[in-house]
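And the structure:
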């Protein structure tokens, strides 16, 4: 028998006297995650392209994270273990690719593996040249990232669909720009998530966050087994600011680090919330901007200042999968 120390009224059962715990709403989860990032100030070590360094560093600072733009092979062996020891994350972006960058990337990923440091990958312009596609896949083979984040063309290039009857495969993007929608890359995202056991984020008019529970080398993928969250936030003006996609990858890294997410489901939730906050800030910034220049400044300000109260005019449209 099970005994309860509290007395019950006549006709009342133990189960009816205990209120079920409140289920957090999407809003609750979002603003709790934002507060967590700002309170913890997670360190994000960024190995990123020369074009986006300034915007990425300032964007992370505005968010409340702490950027470290360290990529020299002479520093990595000391830096990466420190990042892991203090609960940070590593962000790798292959934008300005050359042999020295590739050496740094591979060394960093091996150090992440040895020190259990979460890392996120932005496979910039994968599919545009073979070197870019091969480099991204080689890095993931060394040690799968916590999150892979790319546009539709990049994700398709990393896991192309089987050839059609005419022998054609999916084409790459136009440099860093995507020629494919995020919708078109969903099947490829599922294939990558299953192959590497990581979270795959596809950016576009609608952002998608995908993972496959119990994924592994021998896992047979059926689309119903994939868990997908949708984030229909964001504005077209983001495509007019270079580095905006690069920054969101590092913002995802900051959310993953702040949440201390270790399971694929928890990492996917952190990525979904990062996408949502990023998109809400972009929507608010667009209302105050007349073009890319003013939008860039306003967007950094919104990353810094946006709160639950200041965003009441923006309806949260993100759909978290029931798995969470």
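In the UniProt record's numbering, the protein residues as written are 1 to 324. All C-beta atoms, glycine included, are put in the ideal place defined by N, C-alpha and C. Everything numeric in this text was worked out from a predicted model, so none of it was measured.
Looking at residue j and residue i, is the spacing between their C-beta atoms short of 7 Å?
i           : j           : result
residue 65  : residue 268 : no
residue 210 : residue 189 : yes
residue 227 : residue 118 : no
residue 152 : residue 184 : yes
residue 158 : residue 108 : no
residue 120 : residue 252 : yes
residue 316 : residue 27  : yes
What residue range is occupied by the uninterrupted beta strand (DSSP E) comprising residue i?
i           : result
residue 149 : 147-151
residue 89  : 89-93
residue 123 : Unbroken run through residue 123: none, as it is neither H nor E.
residue 299 : Run containing residue 299: none in the beta strand (DSSP E); it sits in the alpha helix (DSSP H), 292-305.
residue 211 : 207-211
residue 46  : 43-47
residue 67  : 66-68
Buried or exposed, going by whether 16 or more other CB atoms sit within 10 Å of the CB of residue i?
i           : result
residue 204 : buried
residue 298 : buried
residue 154 : buried
residue 49  : buried
residue 132 : buried
residue 98  : exposed
residue 336 : There is no way to answer for residue 336, as the model of the chain reaches only from 1 to 324.
residue 311 : buried
Just reading off the alpha helix (DSSP H) that residue i is part of, what are its end residues?
i           : result
residue 251 : 244-259
residue 112 : 99-115
residue 81  : 73-85
For residue i, which residues of its own chain have a beta-carbon under 8 Å away from its beta-carbon, when the five flanking residues on both sides are left out?
i           : result
residue 260 : 87
residue 79  : 45, 68, 70
residue 199 : 146, 147, 148, 193, 209, 210, 211, 264, 267, 268, 271
Near residue i, which residues of its chain fall below 6 Å by C-beta distance, leaving aside the five closest residues on each side in sequence?
i           : result
residue 206 : 182, 230, 232
residue 277 : 34
residue 101 : none
residue 302 : 281, 284, 285
Please list, in chain order, all residues of the same chain as residue i whose beta carbon is under 7 Å from its beta carbon, the five residues on each side excluded.
i           : result
residue 306 : 280, 281, 284
residue 300 : 58, 59, 62
residue 222 : Note that residue 222 scores a pLDDT of 49, beneath 50, so its modelled location is shaky and nothing firm can be said.
residue 325 : The displayed coordinates of the chain run from 1 to 324. Any statement about residue 325 would go beyond what the structure contains.
residue 36  : 258, 259
residue 319 : 229, 230
Report back the beta-carbon spacing between residue i and residue j to the nearest angstrom; my notes put them in contact at under 8 Å.
i           : j           : result
residue 249 : residue 149 : 5 Å
residue 201 : residue 128 : At roughly 19 Å, the Cβ-Cβ gap does not stay under 8 Å, so residue 201 and residue 128 are not in contact.
residue 146 : residue 136 : That belief does not hold up - the Cβ atoms of residue 146 and residue 136 are roughly 15 Å apart, past 8 Å.
residue 197 : residue 123 : Not confirmed; about 17 Å, so no contact.
residue 246 : residue 95  : 7 Å
residue 47  : residue 104 : 6 Å
Nearer than 6 Å: is that true of the beta carbon of residue i relative to any heavy atom of the ligand COA?
i           : result
residue 155 : You won't find the ligand COA in this model; it holds no ligand whatsoever.
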